[in-house]
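Peer 1:
There are 2 protein chains.
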Amino acid sequence: MAKLTQGELDQALRDLPGWSVKNGMIVRTYRHDSFPEAIVFVSAVAQLAEQMNHHPDVDIRYSDVTLALVTHDQGGITRKDVSLAARIEGIRKKAEAHA
Amino acid sequence: MAKLTQGELDQALRDLPGWSVKNGMIVRTYRHDSFPEAIVFVSAVAQLAEQMNHHPDVDIRYSDVTLALVTHDQGGITRKDVSLAARIEGIRKKAEAHA
Numbered sequence: 004m005a006k007l008t009q010g011e012l013d014q015a016l017r018d019l020p021g022w023s024v025k026n027g028m029i030v031r032t033y034r035h036d037s038f039p040e041a042i043v044f045v046s047a048v049a050q051l052a053e054q055m056n057h058h059p060d061v062d063i064r065y066s067d068v069t070l071a072l073v074t075h076d077q078g079g080i081t082r083k084d085v086s087l088a089a090r091i092e093g094i095r096k097k098a099e100a101h102a
Numbered sequence: 004m005a006k007l008t009q010g011e012l013d014q015a016l017r018d019l020p021g022w023s024v025k026n027g028m029i030v031r032t033y034r035h036d037s038f039p040e041a042i043v044f045v046s047a048v049a050q051l052a053e054q055m056n057h058h059p060d061v062d063i064r065y066s067d068v069t070l071a072l073v074t075h076d077q078g079g080i081t082r083k084d085v086s087l088a089a090r091i092e093g094i095r096k097k098a099e100a101h102a
């Protein structure tokens, strides 16, 4: 699991609208309509993170949840981060479809 | 619900070991043995926060959970913050007693 090259990272971000690079991590803030909805989202992300054994930094600010992903043992962003971000997008899309 | 005076704040913190003032908020980091345990703790805190209609900033860093409390509409720390912190300590003590 090597660090992505700049070209690979640019390509990956094209498939992850809303995500961007900040402080060497890929980051997105998800807004919710309420605090309980934000917590339901965090629980779903946590379950996925545990399954993948890859854990985002999570900052909860009322109903906004910011996730930040990096592969610490590689010192940078890898496919593992991109893959977890894509699966989180899947959770979000499913939640929106049910809303 | 007025801002606490420095004397009131000092007194409150004496009853909240582990909590301190940082950037104008009362703050504590709770360490856990695993990520799932950290998430269970966050869920319990969230339920309490919703009941009290007072929502801490929550930063999850793997199994460490940092909570920060301030009363935004008073521009400072009030009894509401101290009271939520005390109830969170209660959750934590209960979890430790069962561990």
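First to last, the sequence lines map onto chains A and B.
All the letters of the first sequence, read from the start, carry residue numbers 4 to 102 under this note's numbering.
All the letters of the second sequence, read from the start, carry residue numbers 4 to 102 under this note's numbering.
Positions of the beta carbon are idealized from the N, C-alpha and C atoms, including for glycine.
No experiment lies behind these values; they were computed from the predicted model shown.
(1) Per DSSP, which residues does Lys25(B) bridge with? Please list them.
(2) Assuming the contact rule is C-beta atoms closer than 8 angstroms, His35(A) and Phe44(A) should be a hit. Round their C-beta distance to whole Å, please.
(3) Could you tell me if Arg31(A) is buried or exposed, where buried requires 16 or more neighbouring beta carbons within 10 angstroms of its beta carbon?
(4) Can the beta-carbon of Val61(B) be found closer than 7 angstroms to that of Ile63(A)?
(5) With C-beta atoms as the reference, is Val85(B) less than 7 angstroms away from Ala41(B)?
(6) How is Val61(A) classed by DSSP in three states: helix, strand or coil?
(7) Would you mind telling me which residues of chain A sit closer than 7 angstroms to His57(B), beta carbon to beta carbon, in chain order?
(8) Using a Cβ-Cβ cut-off of 7 angstroms, state whether Tyr33(B) counts as contacting chain A.
(9) Would you mind working out which of Ala88(B), Asp67(B), Tyr65(B) sits nearest Val73(B), comparing C-alpha positions?
(10) What are the boundary residues of the beta strand (DSSP E) that includes Val68(B)?
(11) Classify Ala52(A): buried if its beta carbon has 16 or more other beta carbons within 10 angstroms, exposed otherwise.
(12) With C-beta atoms as the reference, is Lys83(B) less than 7 angstroms away from Met4(B)?
(13) How is the alpha helix (DSSP H) around Pro39(B) delimited, first residue to last?
(14) Asp60(A) touches chain B at which residues, Cβ-Cβ below 8 angstroms?
(15) Let's see if you can read the secondary structure: which residues bound the alpha helix (DSSP H) around His101(B)?
Peer 2: Result, derived from the coordinates:
(1) Residue 25(B) sits at position 22 when you count from the first residue of the second sequence. Paired residues: Met28(B).
(2) Here residue 35(A) refers to the residue found at position 32 of the first sequence. Here residue 44(A) refers to the residue found at position 41 of the first sequence. The Cβ separation is near 6 angstroms, so the contact holds.
(3) Here residue 31(A) is taken as the residue at index 28 of the first sequence, counted from 1. The residue is buried, with at least 16 neighbouring Cβ atoms inside 10 Å.
(4) Position 58 of the second sequence, counted from the first residue, corresponds to residue 61(B). Position 60 of the first sequence, counted from the first residue, corresponds to residue 63(A). Yes, the pair counts as a contact, with Cβ atoms nearer than the cut-off.
(5) In the second sequence, residue 85(B) corresponds to position 82, counting from 1. In the second sequence, residue 41(B) corresponds to position 38, counting from 1. Cβ distance not < 7 angstroms, so Val85(B) and Ala41(B) don't count as in contact.
(6) The count along the first sequence starts at 1 and reaches residue 61(A) at position 58. Note: Val61(A) maps to strand in three-state DSSP.
(7) Indexing the second sequence from 1 puts residue 57(B) at position 54. None at all; the shortest Cβ gap to chain A is about 10 angstroms.
(8) The residue labelled residue 33(B) in the question sits at position 30 within the second sequence. Contacts with chain A at 7 angstroms (Cβ-Cβ) do not include Tyr33(B).
(9) Working through the second sequence from its first residue, we reach residue 73(B) at position 70. When only C-alpha atoms are compared, the closest one is Ala88(B).
(10) The count along the second sequence starts at 1 and reaches residue 68(B) at position 65. Unbroken beta strand (DSSP E) run through Val68(B): 67-72.
(11) Counted from its first residue, the first sequence places residue 52(A) at position 49. With 16 or more other Cβ atoms within 10 Å, it is buried.
(12) Along the second sequence, read from residue 1 onward, the residue named residue 83(B) stands at position 80. Along the second sequence, read from residue 1 onward, the residue named residue 4(B) stands at position 1. Yes; because the gap between Cβ atoms is below 7 angstroms, this pair is in contact.
(13) In the second sequence, residue 39(B) corresponds to position 36, counting from 1. Note, Pro39(B): alpha helix (DSSP H), 38-55.
(14) By 1-based counting over the first sequence, the position of residue 60(A) is 57. In chain order: Asp62, Ile63, Arg64.
(15) On the second sequence, position 98 is the one that residue 101(B) refers to. In the DSSP assignment, His101(B) falls within the alpha helix (DSSP H) that extends over 82-101.
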